[in-house]
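With the first letter of the sequence shown counted as 1, position 23 gets the number 23 in the numbering used here; the numbers rise by one all the way through. Idealized CB from N, CA, C, for every residue including glycine. Predicted model only: the values in this text are computed from it and were never measured.
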Amino acid sequence: MEKDKELACFKAHEKYKVPCEKTSCRYWINYSSEQNCTLIAAAEGPKTLQEIGDIFGVTRMRICQIEKSIKDKLLSFEQTLNP
Numbered sequence: 001m002e003k004d005k006e007l008a009c010f011k012a013h014e015k016y017k018v019p020c021e022k023t024s025c026r027y028w029i030n031y032s033s034e035q036n037c038t039l040i041a042a043a044e045g046p047k048t049l050q051e052i053g054d055i056f057g058v059t060r061m062r063i064c065q066i067e068k069s070i071k072d073k074l075l076s077f078e079q080t081l082n083p
């Protein structure tokens with residue numbers, strides 16, 4: 001139910017091109033006002049590792065490490081589904 005409200009919030013911000021002010025939202029990030037929602041930022045298109053790091057306040061290398069970890073988990077999950 002809460003997730004539906006958050007997605008409705010995202011759609012309203014996307015439609016009216018206004019920043020999100022709901023800091024309690026799980027998608028809110030402390031970044032430039034036009035991209036302070038991870039859903040809005042993702043909709044803007046591909047980003048470099050450096051740009052993603054700047055958004056979350058971590059280094060490009062840390063984003064690379066997180067990306068590798070996620071890929072490894074997805075591969076492991078895929079292998080359990082298709083032995």
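Can you give me the C-alpha to C-alpha distance between residue i and residue j, rounded to a whole angstrom?
i   : j   : result
T59 : A42 : 18 Å
C64 : L49 : 7 Å
W81 : K73 : Here the sequence assigns Leu to residue 81, which means Trp is not the residue at that position. Spanning the two alpha carbons is a distance of roughly 13 Å.
I66 : K15 : 31 Å
G57 : E51 : 10 Å
L75 : S24 : 33 Å
I need the boundaries of the alpha helix (DSSP H) containing residue i, first residue and last residue.
i   : result
E78 : 60-81
G53 : 49-56
Please work out which residues of its chain come closer than 6 Å, Cβ to Cβ, to residue i, disregarding the five sequence neighbours upstream and downstream, and give them in chain order.
i   : result
K71 : none
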